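J.: Residue numbers (the working numbering): 51 to 347. Using N, Cα and C, we set each Cβ at its ideal position, and we do this for glycine too. These figures come from a predicted structure and were not determined experimentally. Have a look at the structure that comes next, please.
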Amino acid sequence: MLRVTGAPSGCSLEPRGRLSRRDVIGAGQRSAERRLAWRDNLRRLRILVLLLVFLVIAVTAWQDRSRSTSWRLPLFVALYPIAADDSPRTRAFIAGLSGERFTDIDRFFAREAHRHGVELAEPLKTRLKPPLDSIPPARSGVGRVATLGWSLSLRWWAWQRTRAAREPADIRVFVMYHDPAGAGTLPHSTGLSKGLIGLVHAFAREDLDGDNAVVIAHEILHTLGATDKYDPGDDAPRFPDGFGDPHQSPLYPQQLAELMGGRRMLSPTRWEQPASLAEVVIGDVSALEIRWSGHAP
Ligand SMILES: [Zn+2]
């Protein structure tokens, strides 16, 4: 009888074709390592995609800023009316809109550009577009991440609604009209330099066209990089850059309002919203922000 000499009792030999305990442990470890490596690669890929998205956003923003403030060619501003409520009055108001109702904005920019030394005869041209039946996505949450997410969703929404436009626009302003009978206070309007998009809340009343034009012009200037020049706590224009003429003597009442100051100072404690762009100027600091100052003689 053949006996394997030296083999310990309780033989450790096992049939061929079956994995040893060491082999099983080794295979399990390799599988776990592969899973970890795959997860690691996936995480790196996600970071890479995010970095690419941020890079595209940054490059696009730089291109937008550079193009929109070169002042070599007119900027075309597409105005898209939107009914913000179901009121028949709002719908009728929008149906009655015409491009001529917005030409004060074009004239205002021409006048102020020339005052700041820009030679372009028509620095900005508004074009009224057909109404949209979709409301822009609402901002939700606070903080940088929420703002970035909202900004991206807004740009996607805007691209979907305007991509078929025959005349491409440099700036797109979505004007949401509200029936004055149903809206006491309007939501804040917004202008985004990233994407060159303005969101304006306006009253659907013809005698308020002047007020609405001031808000539209204010948001257009935001898209070009200008900042607010009023106290967000009480809306009071800041001195000196939010005043129409900080050198005026006597200082009050101010004859004019600065566009990004938003209001005309009547006294140190009173201010009012201008009724039209005839009462508004673009001050030196705002002009500097939209790169008009380099054109001054
Ligand atoms: Zn503002």
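When we look at the beta-carbon of K305 and count the other beta-carbons within 10 Å, is it buried (16 or more) or exposed?
T.: Strictly speaking, residue 305 in this sequence is Gln, with Lys absent from that position. Looking at its Cβ environment, which holds fewer than 16 other Cβ atoms inside 10 Å, Q305 is exposed.
J.: Confirm, please, whether the CB-CB distance from V264 to L309 is below 9 Å.
T.: Yes, the Cβ-Cβ distance between L309 and V264 is below 9 Å.
J.: Looking at G260 and A328, is the spacing between their C-beta atoms short of 9 Å?
T.: In contact: A328 and G260 (Cβ atoms closer than 9 Å).
J.: Helix, strand or coil for H268? Go by DSSP, reduced to three states.
T.: Residue state, collapsed to three classes: helix.
J.: If you run the structure through DSSP and keep just helix, strand and coil, what is I97?
T.: Note: I97 maps to helix in three-state DSSP.
J.: Compare the Cα-Cα distances from L271 to each of L178, L338, E172 and report the closest residue.
T.: Checked all of L178, L338, E172; the closest Cα to L271 is L338.
J.: Can you tell me whether S81 is buried or exposed? The criterion is at least 16 other CB atoms within 10 Å of its CB, across all chains shown.
T.: Classification for S81: exposed.
J.: Assuming K175 contacts A128 (C-beta within less than 8 Å), just tell me the rounded distance between them.
T.: About 10 Å separates the two Cβ atoms, so there is no contact after all.
J.: Quick one: using the 10 Å Cβ neighbour count with 16 as the cut-off for buried, is R313 buried or exposed?
T.: Classification of R313: buried, given that the 10 Å Cβ count is 16 or more.
J.: Check the DSSP bridge columns for V330 and list the partner residues they point to.
T.: The partner list for V330 (beta bridge, DSSP) reads A307.
J.: Which partner residues does T176 have in the DSSP bridge list?
T.: DSSP lists V127 as partners of T176.
J.: Does DSSP classify S317 as helix, strand or coil?
T.: In this structure, S317 counts as strand in the three-state DSSP scheme.
J.: Could you work out which residue in D114, F143, P324 is closest to P303 when comparing CA atoms only?
T.: Taking only the C-alpha atoms, the option nearest P303 is P324.
J.: Report yes or no: is there a C-beta of chain D within less than 9 Å of the C-beta of E322?
T.: Absent here is chain D; the protein component of the structure consists of one chain.
J.: As a quick check of your reading: which residues have a C-beta less than 6 Å from at least one non-hydrogen atom of ligand 1, in chain order?
T.: Qualifying residues, in the order they occur: H268, H272, D278.
J.: Do you know offhand how far D90's Cα is from T197's?
T.: About 29 Å.
J.: Less than 6 Å between C-beta atoms, sequence neighbours within five positions excluded: which residues of the same chain meet that for L101?
T.: If we look at L101 and ignore the five residues flanking it on each side, it has no Cβ neighbours.
J.: DSSP three-state label for A77, please.
T.: Note: A77 maps to helix in three-state DSSP.
J.: Taking 9 Å as the threshold (C-beta atoms), are I221 and A276 in contact?
T.: Contact flag unset, no.
J.: Flag this pair as touching only if the segment 182-197 and the segment 290-299 have three or more C-beta atom pairs under 8 Å; answer yes or no.
T.: Touching, no, given that fewer than three Cβ pairs across the two stretches are closer than 8 Å.
J.: Residue range of the beta strand (DSSP E) that L242 falls in?
T.: Counting along the chain, the beta strand (DSSP E) containing L242 begins and ends at 240-242.
J.: For A267 versus H228, is the C-beta spacing smaller than 9 Å?
T.: Going by C-beta atoms, A267 is not nearer than 9 Å to H228.
J.: Within the continuous beta strand (DSSP E) that includes G248, where are the two ends?
T.: Its beta strand (DSSP E) spans residues 247-253.
J.: Have a look at the DSSP bridge pairing and note the partners of Y302.
T.: Bridge partners of Y302: none, in fact.
J.: Run the CB neighbour count on I247, radius 10 Å, all protein chains shown included, and call it buried at 16 or more, exposed below.
T.: Looking at its Cβ environment, which holds 16 or more other Cβ atoms inside 10 Å, I247 is buried.
J.: Could you tell me the distance, in whole angstroms, from the CA atom of A233 to the CA atom of L98?
T.: When rounded, the distance between both Cα atoms is 46 Å.
J.: Does DSSP put V133 in a helix, in a strand, or in coil?
T.: Rather than Val, the amino acid found at residue 133 in this sequence is Ala. Residue state, collapsed to three classes: strand.
J.: So which of R151, R177, T110 has the shortest CA-CA distance to P124?
T.: When each option's Cα is compared against that of P124, the closest is R177.
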